[in-house]
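Just below is one structure, and these are the notes that go with it.
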Amino acid sequence: MGPLVPDIISNELNFVVAILIGIAFGYILEQAGFSTSKKLVGLFYGYDFTVLRVFFTAGITAMIGVIAFAHFGILDISLIYINPTFLYSALVGGLIMGLGFVVGGFCPGTSVCAAAIGKIDAMIFVAGSFIGVWIFAEAYPLFEGLYLAENWGNITIFEILGTSQSVLAVLMTTMAVGAFIFTRWVEQKVTGKPNEDVPIAKYFYGFVSVMMIFGLTAFLLPVKKDVVMQKINDETLINSFQYNTITSDELAFRLIDNDKRVQIFDFRTAEDFNQIKLPQSVNMTFDELFTKDGGRMLNMKNNVNVFLANDELTAKKAALIASELGHNNIRILKGGLNQFKTDIINFENPQIIATRQEANTFRFRTKAKEVIPVLIEKSKNTIVVKRESKRIVGGC
Amino acid sequence: MEQTKYMNPYIAGVLLGLLLLVTIFITGRGLGASGAVKSGVVAAVSTIAPQHSADSKYYSDYLTEHENNPLKNWLVFEVIGVIIGAFISGLVSNRLNFTLEKSKNVTSRVRMITALLGGALFGLGAQLGRGCTSGSALSGMAVLSFGGIITMMAIFGGAYAFAYFFRKLWI
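Chains A and B, in that order, give the protein sequences. The opening residue of the first sequence carries number 727 in the numbering used here; numbering runs sequentially from there. The opening residue of the second sequence carries number 9 in the numbering used here; numbering runs sequentially from there.
And the structure:
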């Protein structure tokens, strides 16, 4: 599951990746014609809308890709960098950049491209941007109020509008396609001739149909998480599923035996968990199973993952979710923690013992009743560190 | 030799979009440009006037984040790549030459001054916007960041609003 940094690709290797990505970025920008200020500002005077075409096509392609990746559980969207929203700062900064755009003819990325192929005006623009950043840094106390005002956090536009991501993606695609058609018309009016660089029928309809298919699949195929969460409410499915179980006695035995391979996932509320918890256990929620960190914990090699809750049903639901996500090395505690309490912690030696096997079990339980509470007491203050990946810090 | 034609903008757009998607998938962050300029400024100031950069909040925050090595930043490496990539592209398409591109209405002197001024404005604005066209607008749009989309609309809206007053520079 993405992002691949920092687990699969280390932070150091990431710098090499950065250079490679940069090379592709620079190559595409230059090939698209972003290395000439005349083409760039054409957008604002109606004679060349290349920038708009490239920019919105790129934005929408990436956006739909991100939504699709998140949709099918390939990318953990809670870990990627969502540019934070500081409302006033974003607005004022954007306006200043817009002014800089029509005065200077470039934006920072394109100026670097243009400078690389020898445009002197672009080199001067780059020098200017250093001065601009320096002025801001020196005058920071002056800007600080504006810079930090109205902090809305890492909020996305669909959270603000309250729509689903897919609806928004379709909406934005429609808007972009509308803009493409409109600007083509404007361009023809201004320049007086159709833009032959853009054979509209071939590429344009291809692009639109691909986007339509994407949009439709996003509508038709529900988010994986929703599908799975729906399944756990289906009683017949819950009951027909084959679970591997672990009995109270075996769990108690393994804990007493100090078997480090046992990893208990406790699906009770945090409150219950903090009151009493078994050794070698972490508190988990259904939601956490879907995250990259949750997946990693379940994937520990050779571990025996034990799911428990007060009752068996909750553990079954969790196990079903895990199985849907591809984790099959899970055993649920038979009868839940309630059964464990009756069997071990509050064990009362019955008067009648029928078989030899029962006698053995009861002898074990009598012993376990002494040891397990000690282990619980011992582990009370040890906090199993649950690894929590932080959101990646990016931005400019 | 003649320059090769520019790439079809829709194809370039799809390629750029896929690159951005791959970037987000691998690194968890988008593309950018102005962040590298910031790294450069912080590096320069902290080398020339270490005391001053330690006293000033904007520099010292950045230095702490980067463990006193401001150039060890993802975007610095990325922008080095951009220079290489754009150069290769210019080479294969015969677009490498030293020119000062300007409208015939303005003198070279005016073009140089406006380029410097425009760069300065963009650099300053990108600090407030927490990223430029690439880092805030494009990458922000890809992850549907509200702030990114606001910045994008402000950049393009602002440019259209001011375009009329600077038309002499271009047409």
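Ideal Cβ placement from N, Cα and C applies to all residues, glycine included.
Looking at K1018(A), R779(A), Q989(A) and F1016(A), the one whose alpha-carbon comes closest to that of P1005(A) is Q989(A).
Residues of the segment 116-143 of chain B with a C-beta less than 7 Å from any C-beta of chain A: R119, M120, T122, A123, L124, L125, G126, G127, A128, L129, F130, G131, L132, G133, A134, Q135, L136, G137, R138, G139, C140, T141, S142 and G143, listed in chain order. Under the 9 Å criterion on CB atoms, E756(A) is classed as interfacial with respect to chain B.
Nearest to G871(A) by C-alpha distance, out of T882(A), G1052(A), L813(A) and R1022(A), is L813(A). Check the Cα spacing between T995(A) and each of D985(A), A1041(A), K1027(A) and I964(A): the tightest is with A1041(A). If you look at T783(A), you'll find it in the alpha helix (DSSP H) that goes T776 to H797.
At least one C-beta of chain A is nearer than 9 Å to the C-beta of N105(B).
Interface residue (Cβ-Cβ distance to chain B less than 9 Å): D985(A) is not classified as such. Rounded to whole angstroms, I939(A) and I790(A) show a C-alpha spacing of 11 Å.
Of the other Cβ atoms in all chains shown, fewer than 16 fall within 10 Å of the Cβ of E73(B); this residue is therefore exposed. Per the DSSP secondary-structure output, D992(A) pairs in a beta bridge with N1009(A) and L1034(A). Looking at K176(B), A167(B), N105(B) and N81(B), the one whose alpha-carbon comes closest to that of M849(A) is N105(B).
Leaving aside the five residues that flank G148(B) on each side, the residues in its chain whose CB is nearer than 8 Å to its CB run, in chain order, G38, G139, G155, G156, I157, T159 and M160.
When 9 Å is used as the limit between beta carbons, E109(B) is near these residues of chain A: T762, S763, K764, G831, A840, K845, I846, D847 and A848, in chain order. Residue contact check for G871(A) against chain B: no CB pair falls below 9 Å.
Comparing alpha-carbon positions, the option among P729(A), K986(A) and G759(A) lying closest to P17(B) turns out to be G759(A). Rounded to the nearest angstrom, the gap between the Cα atoms of A169(B) and F827(A) is 11 Å. For the pair G40(B) and V936(A), the Cα-to-Cα distance works out to about 27 Å.
For R175(B), no beta strand (DSSP E) run applies, since DSSP gives it neither H nor E.
Annotation for T917(A): Y773 place their beta carbon closer than 7 Å to its own, counting only its chain and skipping 5 residues before and after. Residue pairing by DSSP places G728(A) opposite L801(A) in a beta bridge. In this structure F856(A) is in contact with G48(B), their Cβ atoms being roughly 6 Å apart against a cut-off of 8 Å. Under the 9 Å criterion on CB atoms, E1103(A) is classed as non-interfacial with respect to chain B. Counting only residues of its own chain and dropping the five nearest sequence neighbours on each side, I803(A) has a CB closer than 7 Å to the CB of A796.
Residue state for T762(A) is assigned as coil, using DSSP reduced to three classes. In this structure, the beta-carbon distance from G728(A) to I34(B) falls below 9 Å. According to the DSSP secondary-structure assignment, S153(B) is paired through a beta bridge with T882(A). In terms of beta-carbon proximity, L769(A) lines the interface with chain B, with at least one pair separated by less than 9 Å. Judged by DSSP secondary structure, T971(A) falls within the beta strand (DSSP E) whose first and last residues are N970 to I972.
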